[in-house]
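Chains as they are written, first to last, in this note's numbering: chain A, 1 to 114; chain B, 1 to 225. C-beta atoms are modelled at their ideal positions from N, C-alpha and C, and glycine is treated no differently. These numbers were taken from a predicted model, which means no experiment stands behind them. Worksheet: one structure, shown below.
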């Protein structure tokens with residue numbers, strides 16, 4: 001059996017940095033501002049025992065326990081956004097009017113095991 | 001690959017729709033960004049994140065409910081004075097294409113902004129006044145001045161400021177898909193030639209309409225709340 005890969009502690013579930021540049025997605029000609037923004041994403045493990053700060057539900061705690069007994073049969077809970085915040089975007093609409101609009105759930109502030 | 005491209009464009013169009021856009025905008029001749037919107041955007045950017053205590057369905061800067069602020073450019077035209085007597089300085093049909101307003105958006109503010117080249121002060125002779133009248137007209141017909149027709153809004157000015165905001169929120173509760181207004185500025189005063197009386201309004205530059213609405217996401221949220 002191949003030697004187990006050097007086990008580094010798998011990083012826990014938490015927000016990870018993700019900067020979205022609107023020119024990367026080809027939207028720079030109609031979005032006036034911002035040019036991009038820090039959207040972040042959730043990444044990491046939800047291992048047994050679920051630490052309190054992982055903002056998890058009772059269901060996730062139980063699922064983790066079952067996963068530890070039967071890893072093949074039951075997956076670990078998922079690391080997902082549990083608190084997001086809005087941003088405002090200044091852009092040209094389909095009739096070339098200038099619009100300032102508020103968009104909900106655009107930035108990941110907090111992650112949790114669910 | 002074409003499959004990947006098709007998938008991406010499908011994803012993009014569904015995201016654009018959730019952003020309230022029917023397709024990816026491609027501004028042909030983008031208008032300059034109105035300073036009022038630029039200032040509002042910069043003020044929001046400066047707020048500490050995350051905006052815990054901020055009501056996302058309220059435009060704090062204008063103290064009205066709303067999550068969408070648009071500025072519509074005037075697509076109208078000047079009209080011949082057409083008034084045989086009196087001292088009409090300026091007569092203009094204002095036309096705003098409001099068809100982008102989505103089903104279910106509720107208008108919470110409408111502010112007409114008249115821009116002049118500079119602050120202007122008529123010659124200081126007593127009794128000189130500029131009168132401004134605004135009528136709602138049909139987008140189709142050429143508006144004929146009819147005596148006794150009630151204006152939507154009537155104001156008198158001794159001086160014209162560079163930027164003149166006129167609140168039309170009450171008058172435009174249901175703006176419809178197009179909005180046509182007849183703007184008349186006339187001068188009255190015991191002395192002075194008509195041209196000198198009208199000098200102030202001759203510096204008229206442009207008009208725009210600032211509209212604040214409550215979009216679906218806010219209206220759903222509010223009714224839930």
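Let me confirm a value: residue 97 of chain A is counted as buried when at least 16 other C-beta atoms fall within 10 Å, else exposed. Which label applies? Its Cβ being crowded by 16 or more others within 10 Å, residue 97 of chain A is buried.
Can you pull the chain A neighbours of residue 100 of chain B, defined as C-beta to C-beta under 9 Å? For residue 100 of chain B, the residues of chain A that pass the 9 Å Cβ criterion are 93, 94, 95, 97, 99, in the order they occur in the chain.
What runs of the beta strand (DSSP E), each 3 residues or longer, lie entirely inside the region 14-39 of chain B? Within the region 14-39 of chain B, no complete beta strand (DSSP E) run reaches 3 residues.
Grab me the residues of residue 14 of chain B's own chain with a C-beta within less than 8 Å of its C-beta, minus the 5 sequence neighbours each way, in chain order. For residue 14 of chain B, where only same-chain residues beyond five positions count, there are no Cβ hits under 8 Å.
If you follow the alpha helix (DSSP H) that residue 66 of chain A is part of, which residue opens it and which one closes it? Here the alpha helix (DSSP H) through residue 66 of chain A covers 58-69.
Just the Cα atoms here: how many angstroms apart are residue 216 of chain B and residue 105 of chain B? Each residue's alpha carbon lies about 6 Å from the other.
Taking 7 Å as the limit between beta carbons, can you name the residues of its chain near residue 30 of chain A, skipping five residues before and five after? Answer for residue 30 of chain A: 91, 92, listed in chain order.
Using DSSP with H/G/I as helix, E/B as strand and the rest coil, what is residue 12 of chain A? Note: residue 12 of chain A maps to strand in three-state DSSP.
For residue 167 of chain B, which residues does DSSP report across the bridge? Answer is B:111, bridged to residue 167 of chain B.
So, with DSSP's three-state summary, where would you put residue 2 of chain A? Confidence in residue 2 of chain A is poor, its pLDDT being 41 and thus under 50, which makes the residue's placement unreliable; the coordinate value appears in the next sentence. Correct three-state label for residue 2 of chain A: coil.
Of the listed residues A:99, A:102, A:62, A:19, nearest to residue 76 of chain A (C-alpha basis): When A:99, A:102, A:62, A:19 are compared, the shortest CA-CA separation from residue 76 of chain A is found for A:62.
Let me make sure I understand the geometry here. Which of A:53, A:48, A:25 has the alpha-carbon closest to that of residue 68 of chain A? The candidate whose alpha carbon is nearest that of residue 68 of chain A is A:48.
DSSP three-state assignment for residue 98 of chain B, whether helix, strand or coil: Of the three classes helix, strand and coil, the one that applies to residue 98 of chain B here is coil, per DSSP.
Does the region 177-191 of chain B come close enough to the region 132-139 of chain B that 3 or more CB-CB pairs lie under 8 Å? A contact exists between the region 132-139 of chain B and the region 177-191 of chain B.
Can you tell me which of the three DSSP states residue 22 of chain A falls into? Correct three-state label for residue 22 of chain A: coil.
Could you tell me if residue 67 of chain B is buried or exposed, where buried requires 16 or more neighbouring beta carbons within 10 angstroms of its beta carbon? So residue 67 of chain B ends up on the buried side.
Is residue 23 of chain A close to chain B, meaning its C-beta is less than 8 Å from at least one C-beta of that chain? Not closer than 8 Å to any Cβ of chain B, the Cβ of residue 23 of chain A fails to qualify, so no.
Identify the continuous beta strand (DSSP E) that holds residue 79 of chain B and give its terminal residues. Segment: none, residue 79 of chain B is in no beta strand (DSSP E) and carries neither H nor E.
Taking just the CA atoms, how far does residue 72 of chain B sit from residue 9 of chain B? The straight-line gap from Cα to Cα measures roughly 29 Å.
Quick one: using the 10 Å Cβ neighbour count with 16 as the cut-off for buried, is residue 74 of chain B buried or exposed? Counting C-beta atoms within 10 angstroms of its own C-beta, residue 74 of chain B has 16 or more neighbours from the protein chains shown and is therefore classed as buried.
Between the Cα of residue 214 of chain B and the Cα atoms of B:37, B:163, B:152, B:110, which residue gives the shortest distance? The shortest C-alpha separation from residue 214 of chain B is found at B:110.
Residues of chain A with a CB under 7 Å from the CB of residue 71 of chain B: which are they? In chain order: 97, 98.
Excluding five sequence neighbours on each side, which residues of the same chain lie with their C-beta closer than 7 Å to the C-beta of residue 107 of chain B? The answer, listed in chain order, is 172, 173, 175, 211, 213.
Out of B:59, B:90, B:76, which has the shortest C-alpha to C-alpha gap to residue 102 of chain A? Comparing C-alpha distances from residue 102 of chain A to each of B:59, B:90, B:76 shows the shortest one belongs to B:59.
Would you kindly report the start and end of the unbroken beta strand (DSSP E) that includes residue 36 of chain A? Segment 36-38, the beta strand (DSSP E) holding residue 36 of chain A.
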